[in-house]
């Protein structure tokens, strides 16, 4: 009987080991399903306990396919808008003028004259931001419309040659990117 017990013991240990491995596998699958469920929107999915694993996987598959469709539609819309923007730019490029800047140092102030189209109004904002970044006080800003262009005159406290070069460089870089 001693020999029989020794033969049975390893097989019962193997059976116990298989049960532990299987239990760990089931727990791991349960955790994975729980994680998957937490990633899905809860608007049409019942609570976790009410969905079988197969239903959960089906729901996740449908959700992913729906997201793929939305991404494709968004990409098509983006391409369409970019094409439309490109066409409108090429149509108006003949009448488009690149922004121009003149900087004059007068008495104890700096006068910046900027000519740009209505589409490039952000340039004025950026020029003012650059001045403030350099702690140069903006005294006044006057703007007027001339045809399809805007004329901006900015008066600021006296600046340095460095600020004049930085402003010119900014406008020139923008002109090159158009």
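Residue numbers (UniProt numbering): 1 to 178.
Where is the CB? At the ideal position from N, CA and C, for every residue including glycine.
From a predicted model like this one, the values you see are computed outputs, not experimental measurements.
Exercise. Start and end of the beta strand (DSSP E) containing residue 117?
Worked result: 109 to 117
Exercise. Ends of the beta strand (DSSP E) at residue 125?
Worked result: Taken as a continuous stretch (DSSP letters only), residue 125 belongs to no beta strand (DSSP E), being part of the alpha helix (DSSP H) at 122 to 133.
Problem set entry | As assigned by DSSP and simplified to three states, the class of residue 102 | strand
Exercise. In three-state terms, what does DSSP make of residue 166?
Worked result: helix
Exercise. Looking at the structure shown, is residue 94 part of a helix, part of a strand, or coil, going by DSSP?
Worked result: Only weak support is given to the placement of residue 94: the predicted model assigns it a pLDDT of 47, under 50, and the value that follows is read from those uncertain coordinates. Of the three classes helix, strand and coil, the one that applies to residue 94 here is coil, per DSSP.
For this session: Please state if the CB of residue 148 and the CB of residue 125 are separated by a distance shorter than 7 Å.
Result: no
Problem set entry | Boundaries of the beta strand (DSSP E) in which residue 143 is found, first to last residue | 138 to 146
Exercise. Does the beta-carbon distance from residue 138 to residue 128 come in below 7 Å?
Worked result: yes
For this session: For residue 20, count neighbouring C-beta atoms within 10 Å of its own C-beta (all shown protein chains included) and say buried if the count is 16 or more, exposed if not.
Result: exposed
For this session: Assign residue 62 to one of two classes, buried (16 or more other C-beta atoms within 10 Å of its C-beta) or exposed (fewer than that).
Result: exposed
Exercise. Buried or exposed: which applies to residue 104, given that a residue is buried once 16 or more other Cβ atoms fall within 10 Å of its Cβ?
Worked result: exposed
Exercise. Helix, strand or coil for residue 52 per DSSP?
Worked result: coil
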